[in-house]
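Presented below is the structure to which this report refers.
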Amino acid sequence: MKITNKYIGMLLSIGMMLAIVTGCQDPSDFRKVRNEAITNLQRGGMIDFDDIRQKKLLKGDDPNTGVFTALIYDPNNNAVSYNVGINVGGTRVQLGDEYTTFPTTLEIKASDIRAATGVDLEFGEAYNITGEVTTDDGTVFGPTSNTITTNGNGETIITGGNTDNELLATGSPQALSFPVTVVCGTVTEPSALAGTWRAQEVSHSSRVGETLNGNDYQIVAGPGANQFTIVNFYNQGNDFIVTQDPETGDLSAEAQLSYVDDTGRSAYDGAPVSSQIEAVSGPSAARNYGCADLIVLYLYHTRADTGGGALSSIRSQIRLTKQ
Numbered sequence: 117m118k119i120t121n122k123y124i125g126m127l128l129s130i131g132m133m134l135a136i137v138t139g140c141q142d143p144s145d146f147r148k149v150r151n152e153a154i155t156n157l158q159r160g161g162m163i164d165f166d167d168i169r170q171k172k173l174l175k176g177d178d179p180n181t182g183v184f185t186a187l188i189y190d191p192n193n194n195a196v197s198y199n200v201g202i203n204v205g206g207t208r209v210q211l212g213d214e215y216t217t218f219p220t221t222l223e224i225k226a227s228d229i230r231a232a233t234g235v236d237l238e239f240g241e242a243y244n245i246t247g248e249v250t251t252d253d254g255t256v257f258g259p260t261s262n263t264i265t266t267n268g269n270g271e272t273i274i275t276g277g278n279t280d281n282e283l284l285a286t287g288s289p290q291a292l293s294f295p296v297t298v299v300c301g302t303v304t305e306p307s308a309l310a311g312t313w314r315a316q317e318v319s320h321s322s323r324v325g326e327t328l329n330g331n332d333y334q335i336v337a338g339p340g341a342n343q344f345t346i347v348n349f350y351n352q353g354n355d356f357i358v359t360q361d362p363e364t365g366d367l368s369a370e371a372q373l374s375y376v377d378d379t380g381r382s383a384y385d386g387a388p389v390s391s392q393i394e395a396v397s398g399p400s401a402a403r404n405y406g407c408a409d410l411i412v413l414y415l416y417h418t419r420a421d422t423g424g425g426a427l428s429s430i431r432s433q434i435r436l437t438k439q
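Each residue of the sequence shown is one higher than the one before, starting from 117 at the first, in the working numbering.
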């Protein structure tokens with residue numbers, strides 16, 4: 117192929133562009149064209165969980181002796197120390213000791229939370245844990261994100277904390293702000309749940325015509341693996357099948373007929389009501405606390421509105437205690 121002046125010119129242009137791009141990758145040049153505070157954020161302190169799917173459960177057969185453990189690491193390789201704490205009366209109280217080498221195993225003890233709060237823990241409670249990491253230049257990064265605005269003169273103003281919002285986003289492996297939920301040390305098998313359970317309706321919507329308060333129900337294992345059935349749920353002859361996560365005790369249930377509305381209101385009377393449990397993890401999860409003879413349900417109800425238009429989902433919280 118004959119190389120013309122046109123091709124030579126193109127090659128020279130590409131070479132110059134590559135030289136410019138390569139030059140821009142120099143960290144010193146990068147700092148010159150970036151706002152100093154933003155640059156510090158990009159290279160700031162952060163501690164992450166090694167497993168992005170880490171389940172934040174404080175496990176123990178006694179709620180005051182449980183422990184949460186997880187592997188954590190320093191993704192920016194600039195942390196000299198890290199600690200965790202909780203808010204007590206507006207003051208952050210540190211839990212346990214400082215961590216100074218990474219990766220390492222984070223340990224949060226129920227006994228430390230109890231000592232900090234002065235109150236006994238209960239199964240199902242959740243505590244928001246905050247982390248602080250000190251970097252090798254002495255800067256402390258915590259769970260408070262920054263707010264970046266521009267004033268009328270075009271000046272950048274940064275207020276609040278020094279951690280980027282994106283780093284604290286839901287789904288990230290960050291260990292600067294996260295909840296831990298007090299759960300049983302081992303998950304009770306569906307077969308061991310069999311028996312009589314009494315319902316207490318903690319929250320109830322006026323849109324739900326039926327209530328469960330004070331009703332007794334039989335629970336049997338099955339029909340499938342890791343499932344149990346609440347027999348004659350809402351006392352209208354409809355069974356309610358619940359699926360359990362064998363590792364966490366988290367509960368879920370597909371939408372299924374639970375009762376037919378008999379409130380007598382013209383818009384709703386005779387409308388079938390379906391109930392379901394969304395698969396949620398963490399402190400808002402429906403869960404089996406079998407070691408404490410407790411099951412917590414968060415039911416979402418949907419119903420046909422014969423008066424026109426569909427009703428939005430409505431919710432009730434139900435606690436079942438074994439009799």
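Glycine included, every Cβ here is placed at the ideal spot set by N, Cα and C. Model, not experiment: these values are computed from the prediction.
- Sequence-distant Cβ neighbours of His320 in its own chain, meaning closer than 7 Å and more than five residues away, are Thr327 and Ser432.
- Looking at the DSSP output, Thr266 sits in a beta bridge with Thr272.
- Taking a C-beta distance under 8 Å as the contact criterion, Ala395 and Ser368 qualify as a contact pair.
- Taken atom to atom, the span from the alpha-carbon of Asp409 to that of Asn348 is near 20 Å.
- Secondary structure note for Ile229: its alpha helix (DSSP H) is the uninterrupted segment Ala226 to Thr233.
- Remark: C-beta atoms of Thr260 and Gly277 approach each other more closely than 8 Å.
- DSSP places Gly311 within a strand segment (E or B) once states are collapsed to three.
- Excluding five sequence positions before and after Pro399, the CB atoms of its chain that fall closer than 6 Å to its own CB belong to Ala242, Pro295 and Thr297, given in chain order.
- When secondary structure is reduced to three states using DSSP, Gly212 falls in the strand class.
- Gln334: member of the beta strand (DSSP E) spanning Asp332 to Ala337, first to last residue.
- Pairing Ala195 with Leu211 gives a Cβ-Cβ distance that is not under 8 Å.
- In the three-state reduction of the DSSP assignment, Glu370 falls in the strand class.
- The beta-carbon separation of His417 and Ser391, rounded to 5 Å, stays under the 8 Å limit for a contact.
- Excluding five sequence positions before and after Pro219, the CB atoms of its chain that fall closer than 7 Å to its own CB belong to Asp166, Leu187, Ile188 and Tyr189, given in chain order.
- Per DSSP, His320 lies in no beta strand (DSSP E) and is assigned neither H nor E.
- Glu223 carries a strand assignment under DSSP once its states are collapsed to helix, strand and coil.
- Non-local C-beta neighbours of Leu415 in its own chain, meaning closer than 6 Å and more than five positions away in sequence, comprise Ser391 and Ser432, ordered along the chain.
- Using a Cβ distance threshold of 8 Å, Ala401 and Asp366 count as a contacting pair.
- For Gly182, there is no enclosing beta strand (DSSP E), as DSSP marks it with neither H nor E.
- In this structure, the straight-line span from the alpha carbon of Thr359 to that of Ala285 is close to 29 Å.
- Linking Arg230 to Ile202 through their CA atoms gives a straight-line distance of about 11 Å.
- In the structure shown, Pro289 falls within a coil segment according to DSSP collapsed to helix, strand and coil.
- Of all alpha-carbon atoms in Thr185, Pro306 and Arg419, the one lying nearest the alpha-carbon of Gln170 is that of Thr185.
- The C-alpha of Val200 lies about 20 Å from the C-alpha of Asp236.
- In this structure, DSSP gives Pro306 a helical state, which the three-state scheme calls helix.
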